[in-house]
Amino acid sequence: MNRRALLRTAALTGLAAATGLAATSHGAAAAESVNGPWLVSVGWGVLQVDPGRTTSRELLPNGDHAKTSPDGRYVAWVNPARSGDGTLAPFVAVYDRTTGQKRTLLADPFGVHYGAPTWSPDGREIALVTGENNDRLIAVDVATGATRVLIEGHHMADPDWSRDGSMIVLWWRSRSEGPQLRVLDLATGRARPVYTPVAGERFDSPVFMPDSGRVVFCTDRWYPDLESLNQSLASVRINGTGLKKLTDEPRFYLSPVFSPDGRYCAALSIPPENEYPDGGNIIVSTSGFGEQWWIPGDEYDDSTRLDWAAAISTEVPA
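Going by this note's numbering, the first residue of the sequence shown is number 5, and it counts up by one from there.
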């Protein structure tokens with residue numbers, strides 16, 4: 005079996021050791037993680053693609069922006085608005101993949117906004133953007149539902165908590181400088197710019213690399229004049245230097261995510277044969293962004309977020 009086939013097998017089965025690649029060095033817990041299923045948030049619910057399979061199954065109805073806890077057991081998700089019959093107001097909830105139980109953490113009247121959640125590396129809190137103008141980043145204690153404000157006063161989106169626990173990166177609109185990527189230092193409460201776009205650039209979906217030293221994000225910086233919707237993957241150091249283009253050809257990317265073991269990066273993307281940019285498939289590469297391969301199967305129309313969960317020993321059957 006050639007190397008490409010081995011890599012694809014590893015992605016589908018979660019057996020990363022099959023590639024023969026060296027283990028990452030970002031911590032013992034991460035090195036011991038086993039890659040489990042992908043979760044695809046599609047606006048009206050959350051789909052799960054199990055290891056070794058290509059056909060998705062419904063995990064959660066009426067959910068969006070799903071994110072699994074570092075140990076893989078829990079899924080935090082948001083219901084962003086009323087459902088079709090008008091019965092569901094916005095809420096933030098947690099689903100237990102072992103017991104099947106669901107528990108609401110936050111719930112407010114219609115009109116309150118909750119953004120995409122991100123987990124602390126110890127699994128005790130989730131952070132997300134809320135506020136009338138998406139101008140408050142809060143942390144929610146998963147056990148009690150108690151909240152604390154991390155930072156407020158600017159429009160924010162797409163937070164991602166670093167695996168070392170010290171930082172959160174997020175999309176940020178500065179009143180004086182415009183849109184940026186900023187990293188919030190949790191010890192000091194200071195949010196420092198790490199990326200400022202060129203005029204007219206579209207960029208989003210920032211995530212830390214597993215070693216917490218760089219931020220990967222989507223941008224149309226290099227192909228701004230193409231008629232087709234496109235975004236490359238790029239990265240920048242957390243000190244704001246070393247901007248790097250990670251993908252060579254113009255293609256739409258959305259919601260990059262690193263595997264629990266840190267050896268791979270996956271994203272939602274659109275296959276070349278897809279005539280309309282209204283969905284996508286999962287595209288995977290090694291964490292060095294070398295050769296890429298597709299996970300064949302369903303398209304995920306109007307997808308909003310991809311996550312890659314750690315495997316757990318027991319899970320509620322479909």
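Positions of the beta carbon are idealized from the N, C-alpha and C atoms, including for glycine.
As the structure is a prediction and not an experimental result, all values here were calculated from the model.
Legend entry - Cβ-based neighbour list, S236, same chain, cut-off 8 Å, excluding 5 preceding and 5 following: C222, T223, D224, R225, W226, Y227, K249, L250, T251, P254, R255, Y257
Legend entry - Nearest to V96 (by Cα), restricted to the options G182, L64, P125, A195: L64
Legend entry - Best match in D189, Y304, D100, V240 for proximity to N285 [C-alpha to C-alpha]: Y304
Inset, instruction - Please report how far the alpha carbon of T58 lies from the alpha carbon of P74, in whole angstroms. - result: 23 Å
Legend entry - Residues near V116 by beta carbon distance below 6 Å, same chain, minus five either side: P94
Inset, instruction - Could you check which residue in D168, R186, H159 has the C-alpha nearest to that of N137? - result: H159
Inset, instruction - Please state if the CB of L43 and the CB of A70 are separated by a distance shorter than 7 Å. - result: yes
Inset, instruction - Run the CB neighbour count on R179, radius 10 Å, all protein chains shown included, and call it buried at 16 or more, exposed below. - result: exposed
Legend entry - Rounded separation between A32 and D189 - CA only: Here the model assigns A32 a pLDDT of 34, short of 50, so the residue's position is not dependable, and the following value carries that caveat. Those two C-alpha atoms are separated by around 23 Å.
Inset, instruction - Return yes when the Cβ of A313 is within less than 7 Å of the Cβ of T72, no when it is not. - result: yes
Inset, instruction - Compare the beta carbon distance of G104 and V320 with 7 Å and say whether it is the shorter of the two. - result: yes
Legend entry - Three-way DSSP call (helix, strand, coil) for I142 in this model: strand
Legend entry - Alpha-carbon spacing of T102 relative to V220, whole angstroms: 31 Å
Inset, instruction - Please report the residue range of the beta strand (DSSP E) in which N243 lies. - result: It is not in any beta strand (DSSP E) - N243 carries neither H nor E in the DSSP assignment.
Inset, instruction - Look up F212 in the DSSP assignment and say whether it is helix, strand or coil. - result: strand
Inset, instruction - Let me know if E62 comes out buried or exposed under the rule of 16 or more other beta-carbons within 10 Å of its beta-carbon. - result: exposed
Inset, instruction - Report the rounded CA-to-CA distance for G334 versus P197, giving the unit in angstroms. - result: The chain is shown only over 5 to 322; residue 334 falls outside these bounds and no answer can be derived.
Inset, instruction - Go through the segment 103 to 174 residue by residue and report every complete run of the alpha helix (DSSP H) that reaches 4 residues or more, in order. - result: none
Inset, instruction - Would you list the one or two residues that DSSP bridges to N234? - result: BP columns for N234 are empty, so no partner.
Inset, instruction - Identify whether Y304 lies in helix, strand or coil by the three-state DSSP scheme. - result: coil
Inset, instruction - Pick helix, strand or coil for A201, following the three-state DSSP scheme. - result: Strictly speaking, residue 201 in this sequence is Pro, with Ala absent from that position. Looking at P201 - three-state DSSP - the assignment turns out to be coil, as it is neither helix nor strand.
Inset, instruction - Between the Cα of D311 and those of G217, C269, W175, spot the shortest distance and give me the residue it belongs to. - result: C269
Inset, instruction - Spell out the partners DSSP gives P65 in its beta bridges. - result: G49
Inset, instruction - Could you pull out every residue in the same chain whose Cβ sits closer than 8 Å to the Cβ of P300, ignoring the five residues on either side in sequence? - result: T58, N285
Inset, instruction - Report the three-state DSSP secondary structure of T59 (helix, strand or coil). - result: coil
Inset, instruction - Note the first and the last residue of the continuous beta strand (DSSP E) segment covering P260. - result: 257 to 262
Inset, instruction - Kindly indicate which residue of P210, T122, I130, W165 has the alpha-carbon position closest to the one of Q184. - result: P210
Inset, instruction - Express the C-alpha separation of T318 and E205 in angstroms, rounding to a whole number. - result: 44 Å
Legend entry - Classification of E129 by the beta-carbon crowding that lies within 10 angstroms, buried from 16 upward: buried
Inset, instruction - Reducing DSSP to helix, strand and coil, say where D311 ends up. - result: strand
Inset, instruction - Kindly indicate which three-state DSSP category L190 falls into: helix, strand or coil? - result: coil
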